[in-house]
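Number of protein chains: 2
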Amino acid sequence: MAKGFQSLPGFRDFRPEDCAVRNYLFANFREVARRYGFVEYETPILEPTELYEKKAGGELNSQLFCFTDKGGREVTLRPEVTASLGRLVGAVQRNYPKPLRWFEIGQCFRYEKPQKGRTREFYQFNVDLLGESTAGADAELIALSIDLMRELGFVPGDFVIRLSDRAYWTDFGSVKGLSDEQTADLLGIVDKLEREKPEVTEKKLQALGLSTEEVKGAIEKPSSLGENLDSVLANLEARGMSDFIEIDLSIVRGLAYYTGVVFEVFDAKKSLRAVAGGGRYDTLISALSDGGVDLPAAGFAIGDVVIRHLIEETPHAAKKMQSVLQEEAGCDIYLVLADDNQQANALALSSKLRSAGLATTFSLTPAKVGKQFKQAEQAGASIALVVGSEYPELSAKILATRAEETLSDDQDIVETLLKLLPNS
Amino acid sequence: MAKGFQSLPGFRDFRPEDCAVRNYLFANFREVARRYGFVEYETPILEPTELYEKKAGGELNSQLFCFTDKGGREVTLRPEVTASLGRLVGAVQRNYPKPLRWFEIGQCFRYEKPQKGRTREFYQFNVDLLGESTAGADAELIALSIDLMRELGFVPGDFVIRLSDRAYWTDFGSVKGLSDEQTADLLGIVDKLEREKPEVTEKKLQALGLSTEEVKGAIEKPSSLGENLDSVLANLEARGMSDFIEIDLSIVRGLAYYTGVVFEVFDAKKSLRAVAGGGRYDTLISALSDGGVDLPAAGFAIGDVVIRHLIEETPHAAKKMQSVLQEEAGCDIYLVLADDNQQANALALSSKLRSAGLATTFSLTPAKVGKQFKQAEQAGASIALVVGSEYPELSAKILATRAEETLSDDQDIVETLLKLLPNS
């Protein structure tokens, strides 16, 4: 253990091998978003605390990473991005044709006790579709989440979309004669159904004039899913995605601002927390812009911590990731200087290769040829290119096969090397 | 102006068009680093404040974005990355062959009065070479900075590397009989030479037994640059990079931790602040790890704000950026549904195209064909693909040329569309 400073509890260092995993996730997020016609935006990591007080928060508020800045402002390291998105969209939406298909990849923060899988910072991929209130938009987002999982190497049987609609419970409450407030209470009870002790649930439901049996019956044997959910299901079926969908009306999402279809992505065993989740929030933009802008909206978010864990636990997804990481690791060319008199020519050659896009490295200090070859191996080089006294004649050793070729530092050298490189 | 919340002063929203510029910069940072065999890492955005108190800071300390967290910890939104890098490297360096070629792209924070070009947050590209004390390492970093500028579209005459060596002033101080402390004072005076009033400079120098004439003479007519600078110059000349270099011994960098060769990248007119800067800091890693790890090191950093400004002011660099952004903007295919009965087939087709990597979008709500064509234009689509009552026969309209082709939704459809797409 090295002496010296420590990082803060719950904050991660990404060593190169961790950063490569992070970047693999980000590249997949961006690629799938691009295929769906979404464009990237980014909002500040630090926001006025009032932004999160306004947006009804449930559990979130107690975990806010908030403080007072030097100027006496109450500020918060963002716990999520939707509030900032609402602020931004409220201010600039008139410049863009609707619907907005926007995504963001950024760090979020929660002040909670650090524990396995619960860091104080995490990256989140946020995908939002604004200005569209139809079931088609809900289906589009769910399809995007499914394609993201497939792109990450998951197959049917690895994960499931638990699909629900808050409107189902609003209708249920209305049939049972509940007030709006009571229906909100009911949603809170349904949200905690899997985690709460049965006797506590029963007692809370009794206060609303309901029984556990009644509510569980409504979840397990719904008489009708409603037009919206039926439409989402038909849409996803047309895309060939039905296998991934499981209607689960116990999913209502914790946050108060959801208004319609909601969904969560789970590993098939449901052994982890939700991998991703989201839904429709038609009134939030209006609330965040003080009624200035009224845009229906839906979105979902996926964090980097749980999905990384699930990839590493799923052999075929892990294998896909490893093969991409391996392909990206290591440089193309390691220049071995076998004759110190050729140093200037070797430097000129390095510039030529790099300008042509070849990842090229070399020893920055004089070293024996054997040591340079060892360094070439450590750098994961594909080719060790030896610059010696016969320059401009060069010797290229393909490190994987030990095959050797003689070539010349002429105008075709880049082309010649490209042919020798694997994956080209 | 929309009602509602505002972001904090000095914190930027990146709308999609701004985020595209940011991502263009990041892509160039990553590409040039890759060509030089550097790997990416990332450290926390929030660190213990003591990390920055230890690292001698000059101007930095008064601008620290520091606060007390809920747990009573003194914490700081990082003003720069080198201190975190030192901490991380001190802890893990033994796992990696030397030298470490590491880079990082991340957000940094300074609590200062927001003004044009001085935001409270900015992104920084940090490139560091650790475990190598030779001039070859200094030259490698300078070459990387030059290649980055060229990759961004700058040509000779657009920018200049102002190259210097702190050792020159240590030697100068030693010849003049200055103590270590007096030499440090001298470096501070040289650093401010361009900005300070001449009479203040003269007075400060007098206190060291020196004159302005003497110091300016040492800058303008150095008797010898020293072995190190000569070696860096020869190295860069071999790479064909001499045109970009200007020896300028008045450059010493503000921060106390630099120990040798230092450099700054400036626009040729020197009308902006430095675009990038860095140098050798051989004792910092040892200081940050309480002497646990002693690694010579050098590095440089470039922020996103000044370089973006310089690109936009330099027509050929701006043009290069615009052409890349334009190529990336817009989707490939916009599906136009001309017959509502074909909706399921259109959805299935969208899945097929997206799975093949084509950026595909469509109206999520029923709309007239004319409106859908308008949306296709707004989405910057290359091809509007019409799904009508003749399905599986489709009509493809290339929007740039208005040319039309008839094709079929069969197994070759992706291939057929790829041939019709520009840039393919």
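Residue numbers (the numbering used here), protein chains in the order written: chain A, 1 to 424; chain B, 425 to 848. Here a beta-carbon is modelled for each residue, glycine too, at the ideal position from N, C-alpha and C.
1) In angstroms with no decimal places, state the Cα-to-Cα distance between Asn235/A and Phe125/A.
2) Starting from Phe373/A, trace the alpha helix (DSSP H) both ways and give me its first and last residue.
3) Would you check if there are 3 or more beta carbon pairs closer than 8 Å linking the region 234-248 of chain A to the region 764-777 of chain B?
4) Report all residues from its chain with a CB closer than 6 Å to the CB of Phe450/B; omit the five preceding and five following residues, and keep chain order.
5) Could you give the distance in angstroms between the alpha-carbon of Asn652/B and the alpha-carbon of Ile566/B?
6) Taking the alpha-carbon positions, what's the Pro538/B to Phe266/A distance?
7) Give the straight-line distance between the Cα atoms of Thr201/A and Arg253/A, rounded to the nearest whole angstrom.
8) Run through chain A and tell me which residues come within less than 7 Å of Phe450/B, C-beta to C-beta.
9) Drop a sphere of 10 angstroms on the beta-carbon of Val614/B, count the other beta-carbons inside from all chains shown, and report buried for 16 or more, exposed for fewer.
10) Please report whether the beta-carbon of Leu719/B lies at a distance below 8 Å from any beta-carbon of chain A.
11) So with CB distances below 8 Å, who are the chain A contacts of Trp526/B?
12) With a cut-off of 8 Å on the beta carbons, I'd call Thr43/A and Val81/A a contact; round off their distance for me.
13) Does the beta carbon of Asn228/A sit closer than 8 Å to a beta carbon anywhere in chain B?
14) Mind checking which residues open and close the beta strand (DSSP E) that includes Val155/A?
15) What do you reckon, are the CB atoms on Gly330/A and Gly380/A nearer than 8 Å?
16) Decide if Pro720/B is buried, meaning its Cβ has at least 16 other Cβ atoms within 10 Å, or exposed.
17) Mind pulling the chain A residues with CB within less than 8 Å of Gly384/B?
18) Quick one: using the 10 Å Cβ neighbour count with 16 as the cut-off for buried, is Gly482/B buried or exposed?
19) Going by C-alpha to C-alpha distance, which of Arg497/B, Gly495/B, Arg458/B sits closest to Trp526/B?
20) Under 8 Å, Cβ to Cβ, is there at least one residue of chain A near Gly664/B?
21) Let me know the secondary structure DSSP gives Glu17/A once reduced to three states.
22) Classify Leu845/B: buried if its beta carbon has 16 or more other beta carbons within 10 angstroms, exposed otherwise.
23) Residues of chain B with a CB under 7 Å from the CB of Thr259/A: which are they?
24) When the Cα of Ser355/A is compared with those of Lys522/B, Ile585/B, Gly664/B, Tyr815/B, which residue comes out closest?
25) Please list the segments of the alpha helix (DSSP H) lying wholly inside the region 32-67 of chain A, counting only runs of 4 or more residues, in order along the chain.
26) How would you list, in chain order, the residues of chain B whose beta-carbon sits under 7 Å from the beta-carbon of Gln378/A?
27) Taking only the alpha-carbon atoms, compute the straight-line gap between Ile429/A and Gly299/A and give it to the nearest angstrom.
28) Cβ atoms of Ile757/B and Val513/B: under 8 Å apart, would you say?
29) Using a C-beta to C-beta distance shorter than 7 Å, which residues of chain A count as neighbours of Ile566/B?
30) Residues bridged to Ala561/B by DSSP?
31) Which of the three DSSP states, helix, strand or coil, is assigned to Val275/A?
32) Please confirm whether Asp409/A has its beta-carbon closer than 8 Å to some beta-carbon of chain B.
33) Could you name the residues of the region 611-636 of chain B whose beta carbon sits closer than 8 Å to any beta carbon of chain A, in the order they occur along the chain?
34) What is the DSSP secondary structure of Lys176/A, reduced to helix, strand or coil?
35) Hey, does Arg308/A have any beta-carbon neighbour from chain B nearer than 8 Å?
36) Exposed or buried, which one is Leu842/B when buried takes at least 16 other CB atoms within 10 Å?
Let me spell this out:
1) Within the first sequence, residue 235/A is the residue found at index 235, counting from 1. Within the first sequence, residue 125/A is the residue found at index 125, counting from 1. Roughly 24 Å between the two C-alpha positions.
2) As a position in the first sequence, residue 373/A is number 373, starting the count at 1. Start and end: 369-378.
3) yes
4) Indexing the second sequence from 1 puts residue 450/B at position 26. Same-chain partners within the cutoff: Ile529.
5) Taking the first residue of the second sequence as 1, we reach residue 652/B at position 228. Taking the first residue of the second sequence as 1, we reach residue 566/B at position 142. Taking the straight line joining both Cα atoms gives about 14 Å.
6) Translated into the one-based positions of the second sequence, residue 538/B becomes position 114. Translated into the one-based positions of the first sequence, residue 266/A becomes position 266. C-alpha separation (whole angstroms): 44 Å.
7) Sequence index remark: in the first sequence, residue 201/A carries index 201 (1-based). Sequence index remark: in the first sequence, residue 253/A carries index 253 (1-based). Roughly 17 Å separates the two Cα atoms.
8) Numbered from its first residue, the second sequence carries residue 450/B at position 26. Those do not exist, as Phe450/B stays about 11 Å from chain A at its closest Cβ, beyond 7 Å.
9) As a working mapping, residue 614/B is identified with position 190 in the second sequence. Label assigned to Val614/B: buried.
10) The residue you call residue 719/B lines up with position 295 of the second sequence. Not one chain A Cβ lies under 8 Å of Leu719/B.
11) On the second sequence, residue 526/B is found 102 positions in, with the first residue counted as 1. Under the 8 Å cutoff, chain A gives Pro16.
12) Taking the first residue of the first sequence as 1, we reach residue 43/A at position 43. Taking the first residue of the first sequence as 1, we reach residue 81/A at position 81. Yes, Thr43/A and Val81/A are in contact; Cβ-Cβ is about 6 Å, under 8 Å.
13) As a first step, residue 228/A must be located in the first sequence, where it is residue number 228. Chain B contact via Cβ: absent.
14) For the purposes of this step, residue 155/A is taken as the residue at position 155 of the first sequence. No beta strand (DSSP E) contains Val155/A, which DSSP labels as neither H nor E.
15) Counted from its first residue, the first sequence places residue 330/A at position 330. Counted from its first residue, the first sequence places residue 380/A at position 380. Yes, Cβ-Cβ distance for Gly330/A and Gly380/A is below 8 Å.
16) Locating residue 720/B in the second sequence gives position 296, where the first residue counts as 1. Buried is the call here.
17) Here chain B covers residues 425 to 848 and nothing more, so residue 384/B does not appear.
18) Here residue 482/B is taken as the residue at index 58 of the second sequence, counted from 1. The predicted position of Gly482/B is uncertain, since its pLDDT is 48 and thus under 50; no value can be drawn from it.
19) Mapped onto the second sequence, residue 526/B falls at position 102. Minimum Cα distance to Trp526/B is reached at Arg458/B.
20) Looking up residue 664/B in the second sequence gives position 240. Chain A, which has a Cβ nearer than 8 Å to the Cβ of Gly664/B, makes this yes.
21) Within the first sequence, numbered from 1, the residue matching residue 17/A stands at position 17. Here Glu17/A sits in helix by DSSP.
22) Walking along the second sequence from the start, residue 845/B turns up at place 421. When all chains shown are included, Leu845/B counts as exposed.
23) For the purposes of this step, residue 259/A is taken as the residue at position 259 of the first sequence. Within chain B, no residue comes near Thr259/A; the closest Cβ sits about 17 Å away, beyond 7 Å.
24) Taking the first residue of the first sequence as 1, we reach residue 355/A at position 355. Cα-wise, what sits closest to Ser355/A is Gly664/B.
25) 50-54
26) Position 378 of the first sequence, counting from 1, holds the residue named residue 378/A. In chain order: Pro521.
27) Absent from the model: residue 429/A. The displayed extent of chain A is 1 to 424, so no value can be given.
28) By one-based count along the second sequence, residue 513/B stands at place 89. By one-based count along the second sequence, residue 757/B stands at place 333. No; because the gap between Cβ atoms is not below 8 Å, this pair is not in contact.
29) For the purposes of this step, residue 566/B is identified with residue 142 of the second sequence, where counting begins at 1. Those do not exist, as Ile566/B stays about 12 Å from chain A at its closest Cβ, beyond 7 Å.
30) For this step, residue 561/B is matched to residue 137 along the second sequence. The partner list for Ala561/B (beta bridge, DSSP) is empty, contrary to what the question assumes.
31) For the purposes of this step, residue 275/A is taken as the residue at position 275 of the first sequence. If DSSP states are grouped into helix, strand and coil, Val275/A belongs with coil.
32) Here residue 409/A refers to the residue found at position 409 of the first sequence. Chain B contact via Cβ: absent.
33) none
34) One-based indexing of the first sequence puts residue 176/A at position 176. Lys176/A falls in the coil class under three-state DSSP.
35) Walking along the first sequence from the start, residue 308/A turns up at place 308. No - not a single Cβ of chain B is within 8 Å of the one on Arg308/A.
36) Along the second sequence, one-based indexing puts residue 842/B at 418. When all chains shown are included, Leu842/B counts as exposed.
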